[in-house]
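Each residue of the sequence shown is one higher than the one before, starting from 5 at the first, in this note's numbering. Backbone N, C-alpha and C fix where the C-beta goes; we use that ideal spot for every residue, glycine too.
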Amino acid sequence: MTWSLVTYRGDGEPAVGVRDADGAVRALPQYAGRTLLDLLEDWPAVGERLRTLDVASLPVVGDVRLEAPIRFPRKVVCAGANYFAHLAEMKVDRPDPVGAPYFFLKPPSTSVIGPGDPIVLPDRPGRRIDWEAELAVVIGRRARDLDEADVAGHIAGYTILNDVSARDRLSRPDAVAPPFGFDWTSAKGEDTFCPTGPGVTPAWFVPDPQDLRITLTVNGVVKQDSSTKDMMNSAFTVVAAASRIMTLEPGDIVATGSPAGVGAPRGEFLQPGDEVVIEIDGLGTLRNPVADGAAASSRRIA
Numbered sequence: 005m006t007w008s009l010v011t012y013r014g015d016g017e018p019a020v021g022v023r024d025a026d027g028a029v030r031a032l033p034q035y036a037g038r039t040l041l042d043l044l045e046d047w048p049a050v051g052e053r054l055r056t057l058d059v060a061s062l063p064v065v066g067d068v069r070l071e072a073p074i075r076f077p078r079k080v081v082c083a084g085a086n087y088f089a090h091l092a093e094m095k096v097d098r099p100d101p102v103g104a105p106y107f108f109l110k111p112p113s114t115s116v117i118g119p120g121d122p123i124v125l126p127d128r129p130g131r132r133i134d135w136e137a138e139l140a141v142v143i144g145r146r147a148r149d150l151d152e153a154d155v156a157g158h159i160a161g162y163t164i165l166n167d168v169s170a171r172d173r174l175s176r177p178d179a180v181a182p183p184f185g186f187d188w189t190s191a192k193g194e195d196t197f198c199p200t201g202p203g204v205t206p207a208w209f210v211p212d213p214q215d216l217r218i219t220l221t222v223n224g225v226v227k228q229d230s231s232t233k234d235m236m237n238s239a240f241t242v243v244a245a246a247s248r249i250m251t252l253e254p255g256d257i258v259a260t261g262s263p264a265g266v267g268a269p270r271g272e273f274l275q276p277g278d279e280v281v282i283e284i285d286g287l288g289t290l291r292n293p294v295a296d297g298a299a300a301s302s303r304r305i306a
């Protein structure tokens, strides 16, 4: 039976649990008091024990809400422009040969949110906030300078990530020089711009990460419907390339890019009251409402 590791909260502190194939959340008493990041720190041993887990024997916990599975990852590393059809919708020619992945970072403690948490639209005129459904890799063993053939042994599992992006902040008209005219940090790093979840599905349940359907809807309307087969660089290639830039640590999240269907080419952007839903084969469903930053600011002031 397929299951995923989740972080849930009832009346007390967040706890690590299992979300079974029917969507029920079950406690992991043997890991009480530990976070999912703690488990990932010892993943080679923990993973071996979890492979033989009898999920049906675990107690079901009711009246809980899921949080971001990894509440405070050390790094969120994202690959940009990694699907052929996504390049095409942006009027970019198909590269031949395909180059190395292009990376940027998202702030791990302020951008990462979980299932049901609101994507908060910034309170500024002219905002153009877009969606990007992505398959994300969760690292389970420290990695540096990996060959692609060795990547699988360093992956704990997979999760869903929404690389929410401010299209109005991608370019900088006030740049001091042309090389500084493209601002990834401003466009990608705002608070709540990295929904993740609903859980981390162990890698042994995902035999081929390059054969997963990935869909995104806004208010029930399909916007993205693709397959990870369309990636320019495979998930393993992306992880290997990232490890040649920086040391990857247990609990790090590596996002692998978004397929075609983002809103910008059609002039469609998120609005207060929207609901964004992402599904990836075997990984579950990630739902997030969209809230107005102006309203949130007013509540904080009051």
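{"query": "Here's the rule I'm using: 16 or more other beta-carbon atoms within 10 Å means buried, otherwise exposed. How should Arg-173 be labelled?", "result": "buried"}
{"query": "Within its chain, find whatever has a CB closer than 6 Å to the CB of Pro-206; leave out the 5 residues flanking it on each side and keep chain order.", "result": "Gly-161"}
{"query": "Which residues does DSSP pair with Thr-200 in a beta bridge?", "result": "Leu-165"}
{"query": "Taking the alpha carbon of Asp-195 as the point to measure from, which residue in Val-294, Arg-23, Pro-211 has its own alpha carbon closest?", "result": "Val-294"}
{"query": "Output the distance between the C-alpha atoms of Val-155 and Val-258, rounded to the nearest integer angstrom.", "result": "12 Å"}
{"query": "In chain order, what residues of the same chain lie with their CB nearer than 7 Å to the CB of Val-68, ignoring the 5 residues before and after it?", "result": "Tyr-12, Arg-13, Gly-14, Val-29"}
{"query": "Here's the rule: buried if 16 or more other CB atoms are within 10 angstroms of the residue's CB, otherwise exposed. What is Pro-105?", "result": "buried"}
{"query": "Would you tell me roughly how many angstroms separate the C-alpha atoms of Leu-54 and Ala-31, rounded to the nearest one?", "result": "13 Å"}
{"query": "Candidates Gly-66, Thr-241, Val-281: which alpha carbon is nearest Ala-153's?", "result": "Thr-241"}
{"query": "Can you have a look at Val-102 and say buried or exposed, based on whether 16 or more other CB atoms are within 10 angstroms of its CB?", "result": "exposed"}
{"query": "Identify whether Phe-240 lies in helix, strand or coil by the three-state DSSP scheme.", "result": "helix"}
{"query": "On the criterion of 16 or more Cβ atoms from any shown chain inside 10 Å, does Lys-95 qualify as buried, or is it exposed?", "result": "exposed"}
{"query": "Would DSSP call Val-65 helix, strand or coil?", "result": "coil"}
{"query": "If you follow the beta strand (DSSP E) that Glu-283 is in, where does it begin and where does it stop?", "result": "279-284"}
{"query": "So what does DSSP say about Ala-306, is it helix, strand or coil?", "result": "With a pLDDT of 39 at Ala-306, under the threshold of 50, the modelled position of that residue is not reliable, and no figure is offered here."}
{"query": "Is Asp-215 closer than 8 Å to Ser-231 when the C-beta atoms are compared?", "result": "yes"}
{"query": "Output needed for Arg-146: all residues of its chain with C-beta closer than 6 Å, excluding positions within five of it in sequence on either side, in chain order.", "result": "Glu-253"}
{"query": "Take the Cβ of Gly-21 as the centre, count every other Cβ of all protein chains shown within 10 Å, and call the residue buried at 16 or more, exposed below.", "result": "buried"}
{"query": "Between Arg-291 and Asp-149, which are expected to be in contact by the criterion C-beta below 8 Å, what is the C-beta distance as a whole number of angstroms?", "result": "At roughly 38 Å, the Cβ-Cβ gap does not stay under 8 Å, so Arg-291 and Asp-149 are not in contact."}
{"query": "Between Pro-33, Trp-135, Asp-151, Gly-224, which has its C-alpha nearest Leu-57's C-alpha?", "result": "Pro-33"}
{"query": "Under a Cβ-count criterion, where at least 16 other Cβ atoms within 10 Å of its own Cβ denotes burial, should Asp-134 be classed as buried or exposed?", "result": "buried"}
{"query": "Would you kindly check if the distance between the Cβ of Pro-126 and the Cβ of Ala-3 is under 8 Å?", "result": "Nothing in the structure corresponds to residue 3, since the chain is present only between 5 and 306."}
{"query": "Would Thr-189 be called buried (16 or more neighbouring beta carbons within 10 Å of its own) or exposed?", "result": "exposed"}
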